[in-house]
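My numbering applies: residue 11 is where the sequence shown begins, and numbers increase by one.
Just so you know, even glycine gets a beta-carbon here, dropped at the ideal spot from N, CA and C.
Please read these numbers as outputs of a predicted model, since none were measured by experiment.
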Amino acid sequence: MRLALAALALILIITLPGLPPAHAQKFGADITSLAAITLADSPGALGVYLGHGLLLTPWHPWTLDGAYVSSEESPLSPSQQAVAYDADSADDPGERVLSMAVCGAAWTASAEAGPDCTPFARLNGATAAFPLAGNAVPVPVGRLLYASRDADIALFEIDAGAVEAQGVQPARLSLI
């Protein structure tokens, strides 16, 4: 029995490729793409720069209903909660809700909303900084291109020149 186990161990050692030692393994991603995002009226978030002026973040910090994603009480009725939003100029509920604000119990166009109103998309004053690139100059976050409540992702347009001038390398994402 011992001889059979020793033979099996020898076969496994010879036929299976070995793993590199822990000190030889390298971190595969360029971490300069990690963004620290500051929001004007709520705690910040983290994101990652994808290149070509695209910033990927979680969905929930950006929207009024997302701010209450972990709460059982939301200020929005289910009919006011859009599952996905996009900036493709199509007339759909997701597109319309991005330009609205809640004023008391009523919805108002953001352009007409007063200072006591809460915008649905809370982007005013949002900036992204890349501290791991060695120079954390904040870059304004541009318009929301796509967001999904179900997948908890948001994709924003950001000034690619301003980001890449800081030495930020885009993250290389895969389907995995």
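| query | result |
| --- | --- |
| Ordered along the chain, which non-local residues of its own chain (more than five positions away) have a Cβ less than 6 angstroms from that of A143? | T42, Q176, G177, V178 |
| Would you kindly report the start and end of the unbroken alpha helix (DSSP H) that includes E193? | No answer is possible for residue 193: the residues shown for the chain start at 11 and end at 186. |
| List the endpoints of the continuous alpha helix (DSSP H) containing E174. | 170–174 |
| Report the option in D162, D102, A116, G135 whose CA atom is closest to the CA atom of V149. | G135 |
| Buried or exposed for L56, please, with buried defined as at least 16 other CB atoms from any protein chain shown within 10 angstroms of its CB. | exposed |
| Looking only at C-alpha atoms, which of A77, D96, W69 sits nearest to A161? | W69 |
| Buried or exposed for Q35, please, with buried defined as at least 16 other CB atoms from any protein chain shown within 10 angstroms of its CB. | Residue placement at Q35 cannot be trusted, given a pLDDT of 40 that sits under 50; what the coordinates show is reported in the next sentence. Answer is exposed; the Cβ neighbour count stays below 16. |
| Rounded to whole angstroms, what is the Cα-Cα separation between A32 and Y59? | Confidence at A32 is low in this model, with a pLDDT of 43, below 50, so its placement is unreliable and the value that follows should be read with caution. Roughly 28 angstroms between the two C-alpha positions. |
| Apart from the five residues just before and just after N145, which ones in its own chain have a Cβ nearer than 8 angstroms to its Cβ? | Q176, G177 |
| Rounded C-beta distance between T73 and A123? I'm assuming under 8 angstroms. | With 8 angstroms as the limit, T73 and A123 do not qualify as a contact, their Cβ atoms being about 15 angstroms apart. |
| Have a look at V107, R182, L183, G61 and flag the residue whose alpha-carbon is nearest the alpha-carbon of E218. | Limits of the chain in this structure are 11 at one end and 186 at the other, which puts residue 218 out of reach. |
| What are the start and end residues of the beta strand (DSSP E) that includes A111? | 110–113 |
| Contact check, G104 vs A116 under 8 angstroms by CB: the rounded distance? | Not quite, the Cβ-Cβ distance comes to about 20 angstroms (not below 8 angstroms), so this is no contact. |
| Kindly list the residues whose CB is nearer than 6 angstroms to the CB of Y156, restricted to its own chain and excluding five residues on each side of it in sequence; keep chain order. | D96, L165 |
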